[in-house]
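A short write-up of the structure that comes next.
Number of protein chains: 2
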Amino acid sequence: MESTIDRPRRTLARNQRRQQVIEATISTIAARGLARLTLTDVARTAGISHGLVLFHFEAKENLLSETLACLADEYQKNWQAALETAGPGAAERLLAVIEADYRPAITTPARLSAWCAFWGEAQSRPVYQKICGERDAFHIQTLEGLCKELVQEGGYTLDPVHVARILRLVVEGTWLDMMTVEASYSKVEARQTVLTALALCFGKHFADPQTAQG
Amino acid sequence: MESTIDRPRRTLARNQRRQQVIEATISTIAARGLARLTLTDVARTAGISHGLVLFHFEAKENLLSETLACLADEYQKNWQAALETAGPGAAERLLAVIEADYRPAITTPARLSAWCAFWGEAQSRPVYQKICGERDAFHIQTLEGLCKELVQEGGYTLDPVHVARILRLVVEGTWLDMMTVEASYSKVEARQTVLTALALCFGKHFADPQTAQG
DNA sequence: CAACTGACTGACTGGTTTGTCAATCAAATT
DNA sequence: AATTTGATTGACAAACCAGTCAGTCAGTTG
């Protein structure tokens with residue numbers, strides 16, 4: 000008897016199909032941008048009719064919101080998971096949160112590209128702003144908390160809010176660089192840059208990759 | 000005899016009208032985003048017919064490219080002018096280039112918003128990438144050069160490329176923050192963050208605003 | 001003043017795109 | 001096997017929008 004369960008089905012379960020369409024949306028945004036995105040594009044990428052996309056998401060606007068929410072969820076779960084498996088020390092935990100941003104599953108070219116596209120459009124769309132906003136606030140709060148711990152621990156004369164911001168911006172910035180800057184650099188270079196920033200901020204806790212090697 | 004020169008004319012000179020339409024485009028992008036931008040929107044903002052927009056720019060795509068080129072030009076001229084009027088020392092010059100990014104004329108909400116919109120769309124549009132790319136490369140080169148000078152001058156054990164990148168990303172990042180992050184902070188806060196970063200990188204040349212005050 | 005040039009308008013066209021819906025089909029249930 | 005449920009399609013309607021163009025008008029030049 001052949002298996003009837005794991006053979007690809009013509010009709011998929013609701014959640015599976017929705018996830019598949021969202022993946023197709025991410026790819027299509029990466030390839031064509033938000034401005035030129037059409038439902039027919041998305042449908043073609045997913046290998047289904049455009050009517051089915053609307054059947055599952057009601058409206059284009061809704062599909063886009065849910066796609067962004069999916070990306071934001073993924074991002075948050077990723078760094079939170081990293082935080083949970085990290086050791087108890089503030090330094091370890093800060094490093095874990097930062098390194099989580101460079102995990103391959105998160106930094107897919109298509110995902111980065113889609114993320115940037117939403118970011119650019121968010122200026123004029125409160126809906127998008129709100130989806131990212133709450134999760135962002137939590138992320139920032141966490142970073143600030145860890146920096147505060149480190150400042151107290153190491154007796155640094157630094158404003159934890161400023162330092163947390165600097166570190167976050169360097170991480171986010173290297174993301175964007177890897178996408179946009181023409182002569183783009185590698186993920187290794189990006190992480191080295193972040194480690195340099197960490198060493199500059201918290202020299203007693205982190206060694207500069209430069210001096211550590213040479 | 001009344002003046003015939005400075006009275007507002009119904010028909011404008013070619014360059015004047017083009018500039019006006021570009022300004023209208025920037026405002027409209029800020030208000031509606033690139034994805035929903037229509038020529039009718041732009042025309043309404045400029046107070047002219049949408050036929051005239053096409054008369055001056057041939058095609059929508061062309062209007063957008065020229066608008067982006069205008070923003071990029073403006074940006075470059077701004078920091079280059081700041082560099083020319085700065086003193087001879089590397090520290091002064093670096094500070095001048097960085098502070099130029101916070102001049103009010105450049106950091107208009109509409110301009111920042113439009114800039115972000117183009118940035119987001121640039122992933123999938125080589126045309127946009129190219130317009131920014133060359134100018135960006137020059138900007139990065141300049142920053143790296145100044146950082147290199149400072150490193151030699153102060154005997155820091157730092158990679159100038161990494162430091163230049165960190166500083167640039169903090170500046171760019173505060174820009175984006177002021178636009179996107181929900182509980183946004185002020186331009187003063189942004190500049191303080193950058194000064195903190197400068198002090199962390201080049202402690203012998205720049206004082207942390209924190210310790211300088213307290 | 002007459003002729004001319006170039007800016008300007010607004011109606012129109014063709015093509016594209018979102019969203020609807022009736023019909024179809026696969027899978028589960030009875 | 002018959003019925004039901006819910007996914008799926010493709011044809012269709014309506015809206016929208018970029019781009020065209022014939023004709024108008026303002027400003028200039030001879």
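Chains as they are written, first to last, in numbering that gives the first Met the number 0: chain Y, 0 to 213; chain W, 0 to 213. Even for Gly, the Cβ is constructed at its ideal location relative to N, Cα and C. Please read these numbers as outputs of a predicted model, since none were measured by experiment.
At a cut-off of 8 Å, the C-beta of Arg-164 of chain W has a neighbouring C-beta in chain Y. Leu-168 of chain Y has a beta carbon lying within less than 8 Å of a beta carbon in chain W.
By the neighbour-count criterion, in which 16 or more other beta carbons inside 10 Å mark a residue as buried, Glu-120 of chain Y falls on the buried side. By the CB criterion at 8 Å, Leu-168 of chain Y and Leu-168 of chain W fall inside the cutoff.
Counting only residues of its own chain and dropping the five nearest sequence neighbours on each side, Glu-143 of chain Y has a CB closer than 7 Å to the CB of Pro-159, Val-160 and Ala-163. Taking the CA atoms as reference points, Ser-123 of chain Y sits about 18 Å from Arg-43 of chain W. Using a C-beta cut-off of 8 Å, the segment 146-153 of chain W makes contact with the segment 88-103 of chain W, since at least three inter-stretch Cβ pairs fall below that distance.
What Thr-179 of chain W touches in chain Y, judged by beta-carbon distance under 9 Å, is Trp-118, Ala-121, Gln-122, Gln-128, Cys-131, Gly-132 and Asp-135, going in chain order. The alpha-carbon of Lys-147 of chain Y is positioned some 11 Å away from that of Phe-201 of chain Y. The residues Arg-16, Arg-17 and Val-20, in chain order, have a CB closer than 7 Å to that of His-55 of chain Y in the same chain once the five nearest residues on each side in sequence are set aside. Close partners of Arg-31 of chain W in chain Y (Cβ separation under 7 Å): Ser-123. If you draw a straight line from the Cα of Thr-179 of chain W to the Cα of Trp-118 of chain Y, it is about 8 Å long. Within the model, the alpha-carbon separation for Ile-47 of chain Y versus Thr-10 of chain W is close to 52 Å. Taking Gln-140 of chain W as the centre and dropping the five residues before and after it, the same chain places no C-beta closer than 6 Å to its C-beta. Closest by C-alpha distance to Thr-106 of chain W, out of W:Thr-84, W:Leu-70 and W:Gln-79, is W:Leu-70. Judged by DSSP in its simplified three-state form, Asp-40 of chain Y adopts helix.
In the three-state DSSP reduction, Gly-86 of chain Y falls in the coil class, being neither helix nor strand. Put simply, the CB of Thr-39 of chain W is far from chain Y, with every gap to its CB atoms at 8 Å or more. Between Asp-176 of chain Y and Ser-185 of chain Y, the CB-CB gap reaches or exceeds 8 Å.
Taking the CA atoms as reference points, Val-41 of chain W sits about 26 Å from Arg-102 of chain W.
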